[in-house]
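Below is one structure, written out as structure tokens; comments come after it.
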Amino acid sequence: MSTEDGPGIRTTVFMKGCPLSCRWCHNPESISPLPEIHWLGVRCIGCGTCVKVCPHKALSLSGSGVKIDRNLCAGCGICSEHCPSTALELLGKKWGVDKLFEELIKDRAYFEKSSGGITVSGGEGTLQTKFVGRLLKKLKAEGIHTAVDTCGLFNDSVFDEIFSHADLVLYDLKEIDSKLHKEFTGSGNERILDNLTRCCEYIKELHGKRILKGSGNLFRLFRMVL
Amino acid sequence: MSGSSALKQEFKIREPEGLTPRIKWLRDYYFKGASRNWSNETTSWSTGTPWDAQYNELTFYIVPETYALMQTIYSSYRLSARTVDLHKDFWTWTLPERRAWFNREVMVKYLPKEILPGDLIAGGRFNIMTSHCLTEKEAKARHKLVHGRSGSRAMMKKFHDHGYGNSGATSGHLIPGHERALKLGWKGIHKELTERYNNLSDKEKKSEKGGQLRGMIIASKMPRDLAAAYADLCRTMAGREQEKSRKEELIQMGDILSRVPWEAPVTFHEAVQSLWLNHMLVMSDENYPGPGVSFGRMDQYLFPYWEYSIRKGMDREFGKEILRCFWMHANTAYDSMIRTGNQGITAGFGQLITLAGCGADGEDLSNDLTYAILEVIDEMSPILEPKPNVRLHRKTPDELLDKVVDMISGSQGAPFLLNFDERSIAGMILEGRRAGITDLINEKNAWEYAPVGCLENTMVGNDRSGTVDNNLNLLKAVELALTGGKDMNQFIDPITGKADKIKQDGPSTGDPRRFKTFEEFWRAYEIQTKYLVKKITDLYEQFESIRAEFHPTPYLSCLVKGCAEKGVDVTRGGAEISMATIEAVTYATTVDSILAVKYLVYDKKLCTMDELITALKDNWVNHNILQAMAKNKAPKYGRDDNEADDMALRVMKLWTDETWKYKTRSTGRQFRPGMLSWNYWAGDGYIMAASPDGRARGQFLSNAICPSNGADINGPTSNSNSVGKALGGKSDKSPDSFEGYLNLLPNGASHTITFNPSIMKSAEHREKFKAFLRGYIENGGTALQINILDPEMLRDAQKHPEDYRHLLVRITGYNAYFTGIGRELQDEVIARLSHSRM
Numbered sequence: 016m017s018t019e020d021g022p023g024i025r026t027t028v029f030m031k032g033c034p035l036s037c038r039w040c041h042n043p044e045s046i047s048p049l050p051e052i053h054w055l056g057v058r059c060i061g062c063g064t065c066v067k068v069c070p071h072k073a074l075s076l077s078g079s080g081v082k083i084d085r086n087l088c089a090g091c092g093i094c095s096e097h098c099p100s101t102a103l104e105l106l107g108k109k110w111g112v113d114k115l116f117e118e119l120i121k122d123r124a125y126f127e128k129s130s131g132g133i134t135v136s137g138g139e140g141t142l143q144t145k146f147v148g149r150l151l152k153k154l155k156a157e158g159i160h161t162a163v164d165t166c167g168l169f170n171d172s173v174f175d176e177i178f179s180h181a182d183l184v185l186y187d188l189k190e191i192d193s194k195l196h197k198e199f200t201g202s203g204n205e206r207i208l209d210n211l212t213r214c215c216e217y218i219k220e221l222h223g224k225r226i227l228k229g230s231g232n233l234f235r236l237f238r239m240v241l
Numbered sequence: 002m003s004g005s006s007a008l009k010q011e012f013k014i015r016e017p018e019g020l021t022p023r024i025k026w027l028r029d030y031y032f033k034g035a036s037r038n039w040s041n042e043t044t045s046w047s048t049g050t051p052w053d054a055q056y057n058e059l060t061f062y063i064v065p066e067t068y069a070l071m072q073t074i075y076s077s078y079r080l081s082a083r084t085v086d087l088h089k090d091f092w093t094w095t096l097p098e099r100r101a102w103f104n105r106e107v108m109v110k111y112l113p114k115e116i117l118p119g120d121l122i123a124g125g126r127f128n129i130m131t132s133h134c135l136t137e138k139e140a141k142a143r144h145k146l147v148h149g150r151s152g153s154r155a156m157m158k159k160f161h162d163h164g165y166g167n168s169g170a171t172s173g174h175l176i177p178g179h180e181r182a183l184k185l186g187w188k189g190i191h192k193e194l195t196e197r198y199n200n201l202s203d204k205e206k207k208s209e210k211g212g213q214l215r216g217m218i219i220a221s222k223m224p225r226d227l228a229a230a231y232a233d234l235c236r237t238m239a240g241r242e243q244e245k246s247r248k249e250e251l252i253q254m255g256d257i258l259s260r261v262p263w264e265a266p267v268t269f270h271e272a273v274q275s276l277w278l279n280h281m282l283v284m285s286d287e288n289y290p291g292p293g294v295s296f297g298r299m300d301q302y303l304f305p306y307w308e309y310s311i312r313k314g315m316d317r318e319f320g321k322e323i324l325r326c327f328w329m330h331a332n333t334a335y336d337s338m339i340r341t342g343n344q345g346i347t348a349g350f351g352q353l354i355t356l357a358g359c360g361a362d363g364e365d366l367s368n369d370l371t372y373a374i375l376e377v378i379d380e381m382s383p384i385l386e387p388k389p390n391v392r393l394h395r396k397t398p399d400e401l402l403d404k405v406v407d408m409i410s411g412s413q414g415a416p417f418l419l420n421f422d423e424r425s426i427a428g429m430i431l432e433g434r435r436a437g438i439t440d441l442i443n444e445k446n447a448w449e450y451a452p453v454g455c456l457e458n459t460m461v462g463n464d465r466s467g468t469v470d471n472n473l474n475l476l477k478a479v480e481l482a483l484t485g486g487k488d489m490n491q492f493i494d495p496i497t498g499k500a501d502k503i504k505q506d507g508p509s510t511g512d513p514r515r516f517k518t519f520e521e522f523w524r525a526y527e528i529q530t531k532y533l534v535k536k537i538t539d540l541y542e543q544f545e546s547i548r549a550e551f552h553p554t555p556y557l558s559c560l561v562k563g564c565a566e567k568g569v570d571v572t573r574g575g576a577e578i579s580m581a582t583i584e585a586v587t588y589a590t591t592v593d594s595i596l597a598v599k600y601l602v603y604d605k606k607l608c609t610m611d612e613l614i615t616a617l618k619d620n621w622v623n624h625n626i627l628q629a630m631a632k633n634k635a636p637k638y639g640r641d642d643n644e645a646d647d648m649a650l651r652v653m654k655l656w657t658d659e660t661w662k663y664k665t666r667s668t669g670r671q672f673r674p675g676m677l678s679w680n681y682w683a684g685d686g687y688i689m690a691a692s693p694d695g696r697a698r699g700q701f702l703s704n705a706i707c708p709s710n711g712a713d714i715n716g717p718t719s720n721s722n723s724v725g726k727a728l729g730g731k732s733d734k735s736p737d738s739f740e741g742y743l744n745l746l747p748n749g750a751s752h753t754i755t756f757n758p759s760i761m762k763s764a765e766h767r768e769k770f771k772a773f774l775r776g777y778i779e780n781g782g783t784a785l786q787i788n789i790l791d792p793e794m795l796r797d798a799q800k801h802p803e804d805y806r807h808l809l810v811r812i813t814g815y816n817a818y819f820t821g822i823g824r825e826l827q828d829e830v831i832a833r834l835s836h837s838r839m
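Taken in sequence, the protein lines are chains X and U. Mind the numbering: the first sequence is residues 16 to 241 in the working numbering, read in order. Mind the numbering: the second sequence is residues 2 to 839 in the working numbering, read in order.
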């Protein structure tokens with residue numbers, strides 16, 4: 016249940032992988048596109064099971080807890096499977112569209128009462144274009160409100176494959192000055208601003224179509240988060 | 002919910018603002034507690050016989066905190082009792098007549114009568130302990146049944162000591178027929194009773210039925226005589242009063258009291274005055290203040306009087322002022338324990354009122370009085386009594402929901418509990434069918450239901466369902482399944498140090514180490530569950546039959562439909578709908594424990610049954626890896642995980658089906674299922690053995706229908722979805738469904754969710770919260786209480802209790818002052834807040 020990722024009560028899907036690495040990132044565990052092992056000290060009982068089962072000898076137990084050697088860790092998740100206290104969590108789980116869909120519609124009653132729905136966030140959801148596209152299409156077919164949160168750095172295919180199935184795009188423009196953008200996020204914003212312009216054209220184009228179809232709340236199709 | 006950072010704020014305890022000088026004085030005076038000159042402290046009264054006694058411990062068997070004090074309390078009331086001069090024929094009367102006469106004598110002639118400055122309602126002292134009124138022979142017989150070797154006290158203690166739960170023949174917990182008493186006046190009730198009696202044959206007049214009706218006739222004159230005494234007092238006070246407007250008020254009150262509650266009230270002031278006296282005398286009659294003596298749908302049956310008086314020119318604010326005085330009176334119930342703590346240490350009272358809710362066609366019935374009452378609650382908060390319960394349903398108007406959400410956001414412990422009509426009504430309809438009383442509860446009238454005590458749904462004015470009488474720890478069946486029917490730990494009496502031998506208490510279900518499949522384990526659990534249900538119904542029979550024989554409540558019987566008709570006291574099953582509820586405790590701990598056995602031993606084979614049992618016997622000490630797996634890896638109820646929630650439903654169906662099989666033998670009351678679990682989940686956590694879900698002995702059990710602490714890691718919507726599924730979920734096909742809802746617990750189930758204040762931080766968020774409630778109507782349970790609390794503030798309150806005297810928190814179905822609930826429970830409330838696994 017999320018109340019912060021768009022209108023109404025929502026369930027948010029956090030996708031792995033992001034082209035930016037913002038200094039203030041809220042979800043740094045979602046930057047890498049690969050599954051990552053994460054250790055939570057408050058849960059750890061110090062049993063050492065993880066050290067024993069790791070096939071890559073990437074883990075060690077010290078006075079301050081479990082140390083992960085990122086160079087050796089392959090993100091296989093075996094330690095997390097065996098960790099009795101869920102102190103080691105594998106962040107990044109493989110989901111099929113159908114199974115994820117089943118999970119997401121459990122809160123349907125709350126979406127309906129609040130005009131809420133599903134938000135794909137991240138990471139950068141648009142990186143997994145095909146998957147997100149299929150998921151949103153399926154949700155939309157069920158009449159569920161769909162939103163995508165993006166940093167603006169995406170390929171052309173995203174328009175047709177994802178945005179055409181989205182009711183709302185949360186366009187998170189981090190900084191207007193490209194130099195500052197690069198300083199804070201590790202990447203310039205030329206492409207992002209360019210995409211934004213194309214988004215405006217896309218809206219105009221869709222606007223026309225929608226008017227012909229006579230449906231939809233057009234002005235909420237894109238909302239920029241600045 | 003996400004919403005990462007709580008707003009940094011200064012911790013402010015809500016205090017009422019803008020009260021009128023009258024109410025401010027009354028409220029401040031009330032909170033002076035033990036230093037007040039006036040109080041409603043309990044007084045004790047005797048027939049003067051050497052065998053006399055007052056305290057009826059059967060009604061307190063469900064309060065384990067009192068066990069150690071039982072004999073002391075019993076003796077204190079005996080020793081402090083003042084003797085009442087008896088009528089010369091007293092000992093020739095039947096017991097109901099004696100009790101009715103004795104209580105009337107004490108209330109009318111012996112108890113002092115006062116009216117506090119500015120008060121608009123009369124009826125001050127009502128906490129009394131009155132003589133059992135037994136003859137020597139009767140007293141001896143009762144003594145043996147209660148205090149004998151296998152007497153009720155010994156059996157009650159054994160049941161509790163060994164972790165089964167508790168049971169008692171408890172007073173209150175019903176909604177008297179207030180609407181009828183207002184419509185007829187006591188004059189009408191008296192007339193009806195007299196006619197009924199006169200129509201009896203001579204033989205019947207000499208029978209128990211005749212005695213019962215004579216007792217009720219005596220009782221029916223008590224409100225008239227008491228009101229007359231208060232009317233005199235008002236006039237005397239008016240004569241001495243210098244201040245003109247107060248003088249007029251007192252004259253007015255005198256006039257009102259000389260008419261009602263004997264005559265049917267006409268104005269709102271008369272109706273509220275009647276209601277207060279009628280209600281307060283129930284508490285006197287039962288010798289126990291406010292244990293779930295509830296008002297029902299007050300905004301409905303008082304509305305015609307409200308409308309009348311408003312039409313006749315009553316200022317709306319004056320109408321509210323009458324209600325505020327009524328509110329203050331309800332709180333004086335706590336004066337019974339005034340010297341043992343601040344007002345309401347355990348908040349064990351529940352004079353519940355019901356507001357709003359649907360009508361016959363599903364339309365909403367809220368009216369101007371509903372809002373006036375909500376305003377009064379808002380203005381008076383924080384205050385404990387009466388406890389309001391707002392009924393929500395699909396057609397609840399936005400206006401009401403806005404008011405509800407505003408009030409929740411502006412308070413700490415929500416100022417009321419929410420009840421959900423569709424799910425609740427589905428439960429009532431199921432009850433009608435399973436108990437074979439569809440003439441009394443059906444699709445046409447089930448909407449008239451109202452909750453009593455905390456959240457226990459019953460019908461109104463004709464229903465006693467004993468809603469806290471039986472509290473059963475379902476988890477005991479898991480323990481017995483793991484031991485083949487014996488206690489896992491030996492019981493050692495903490496006071497005497499005496500150890501009970503471990504015996505074959507439950508059925509012998511075999512050595513679980515030999516169970517090859519989970520289904521074999523389930524079978525053992527099933528047999529032990531059936532044993533538990535039978536055991537508690539047998540135990541209750543012992544208490545119920547003693548109450549039926551020795552403790553009639555003739556005044557209350559006048560207010561419960563069925564008693565006069567049958568000539569049978571309400572304590573003997575006189576109510577038209579006469580039920581006894583088994584409230585299951587430890588539900589989520591039980592479900593999670595079964596899930597853990599399945600996961601650890603059978604599905605994943607992470608340990609053998611022998612290793613698990615050894616770990617439990619060792620209270621998990623030196624088994625920390627297995628304990629961590631049980632806690633963290635095994636599935637849990639409360640996450641909207643279908644595998645776990647299917648198990649929850651399986652557990653629910655088993656114990657509820659079993660419950661419907663029993664009736665009390667002495668009084669013919671049908672058992673029905675519910676989940677309240679008051680505060681037992683805390684105390685019994687120290688009694689019950691370690692459980693397979695990873696809980697060590699000494700840790701709290703789960704509360705009512707809530708997921709185990711820390712288990713609801715998927716947030717409030719998932720938590721609520723699980724609760725709805727555990728009650729039966731939704732189905733249009735089932736014959737038991739109502740509007741598509743199923744509910745296996747007609748009593749209802751307590752569900753508490755705690756939110757961080759950030760959920761209410763903006764208007765947009767408040768809209769989302771409203772939508773959450775609308776979603777809960779669809780997917781959730783029967784009753785929800787909401788805490789809006791910042792854990793940091795609570796930690797500060799633990800450090801500086803003196804700054805937080807009035808901080809109210811929801812425990813389960815009731816509010817309590819945070820600083821008064823004891824450290825363990827405080828920690829538990831803080832732990833609930835996290836919504837995350839530690």
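Cβ coordinates follow ideal geometry from the N, Cα and C atoms, glycine included.
Take U/A832, set aside five residues on each side of it, and the residues of its chain with a beta-carbon closer than 6 Å to its own are N710, in chain order. Taking each of U/E521, U/D233, U/R241, U/A691 in turn and checking the Cα distance to U/S594, the smallest one comes out for U/A691.
Within the segment 46–74 of chain X, the residues whose Cβ lies closer than 8 Å to some Cβ of chain U are V57, R58, I60, C62, T64, listed in chain order.
Per the C-alpha coordinates, the member of U/I583, U/A712, U/I547, U/I626 positioned closest to U/V592 is U/A712. The beta-carbon of X/M16 is placed less than 7 Å from the nearest beta-carbon of chain U. Looking at U/R666, U/D797, U/P792, the one whose alpha-carbon comes closest to that of U/E829 is U/P792.
Taking a C-beta distance under 7 Å as the contact criterion, X/T134 and X/E176 do not qualify as a contact pair. Annotation: the continuous beta strand (DSSP E) that includes U/A784 extends over 784–789.
Counting the other Cβ atoms within 10 Å of the Cβ of X/S100 gives 16 or more, which makes it buried. If you draw a straight line from the Cα of X/T27 to the Cα of X/M16, it is about 8 Å long.
Assignment of X/L150 by DSSP, reduced to helix, strand and coil, places it in the helix class. By the beta-carbon neighbour count (other beta carbons within 10 angstroms, threshold 16), X/C215 is exposed.
Contiguous beta strand (DSSP E) elements confined to the segment 559–603 of chain U occur at 578–586, taking only those with 3 or more residues. Residue pairing from DSSP leaves U/Q628 without any beta-bridge partner. Chain U places a beta carbon closer than 7 Å to that of X/A124, counting this residue as a contact. The bridge partners DSSP lists for U/S509 come to none. For X/F29, the enclosing beta strand (DSSP E) has its first and last residue at 25–29.
In summary, X/G158 is exposed, with fewer than 16 beta-carbon neighbours lying within 10 Å of its beta-carbon over all protein chains present.
Here X/P48 carries a coil assignment [DSSP, helix/strand/coil]. Interface residue (Cβ-Cβ distance to chain U less than 7 Å): X/K121 is classified as such.
Think of a sphere of 7 Å around the beta carbon of U/N744: no beta carbon from chain X falls inside it, the nearest being about 17 Å out. Non-local C-beta neighbours of U/T615 in its own chain, meaning closer than 8 Å and more than five positions away in sequence, comprise H624, ordered along the chain. In the DSSP assignment, U/Q529 falls within the alpha helix (DSSP H) that extends over 519–551. Only those residues of the segment 700–719 of chain U whose C-beta falls short of 9 Å from the nearest C-beta of chain X are listed: N715, G716, P717, T718, S719. Assignment of beta-bridge partners to X/H160 by DSSP yields X/G132.
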